[in-house]
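Trainee:
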Amino acid sequence: MAKRKNYWSLSSVKTEILVRYNVEFESNQSYYDMLNLAGISWKKSQKSNPKEDQELVEKKQEIIDWLEINSYEIQTGELAVFFEDECHLLWGDTCGYIWGKKE
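Every number in the numbering used here is 165 more than the matching position in the sequence shown, counting from 1.
Spelled out as structure tokens, the structure:
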């Protein structure tokens, strides 16, 4: 069960075991021991996107320059600006620490 995913939160482990096996341990230590035996360790989640393309990130300056050049029209409402930006979230961002495969 534990090796099916790359990362687990404690709550997802508890839910999986309860639903799959109808077992709920009294102590979190039982879950920790099980994960450790499965080769999964407690670790800090990543803070950066491992697929980040620095060249694309630097192109952001083009957008900033354009917005500055057109700032008067934007502020007066003569020009409306709409944009879309991708959002990169890594598993565990909300909790900071996760259970992940040992390297």
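Ideal Cβ positions, reconstructed from N, Cα and C, are used throughout, including at glycine.
Remember, predicted model here, so these are calculated numbers, not experimental data.
#1: Which value, in whole angstroms, describes the spacing of the CA atoms of ILE229 and SER176?
#2: Rounding to the nearest angstrom, what Cα-Cα distance links MET199 and VAL184 in this structure?
#3: Kindly give me the distance between the Cβ atoms of TYR196 and LYS224, rounded to whole angstroms, as I take these residues to be in contact under 8 Å.
#4: How about GLU238 and LEU232: are their beta carbons less than 8 Å apart?
#5: In chain order, which alpha helix (DSSP H) runs of at least 4 residues are fully inside the stretch 185-209?
#6: How would you label TRP207, buried or exposed, when you count the other beta carbons within 10 angstroms and need 16 or more for buried?
#7: I need the boundaries of the alpha helix (DSSP H) containing ASP218, first residue and last residue.
Mentor: The short version:
#1: 41 Å
#2: 16 Å
#3: With 8 Å as the limit, TYR196 and LYS224 do not qualify as a contact, their Cβ atoms being about 45 Å apart.
#4: no
#5: 193-202
#6: exposed
#7: That residue, ASP218, is in no alpha helix (DSSP H); it is neither H nor E in DSSP.
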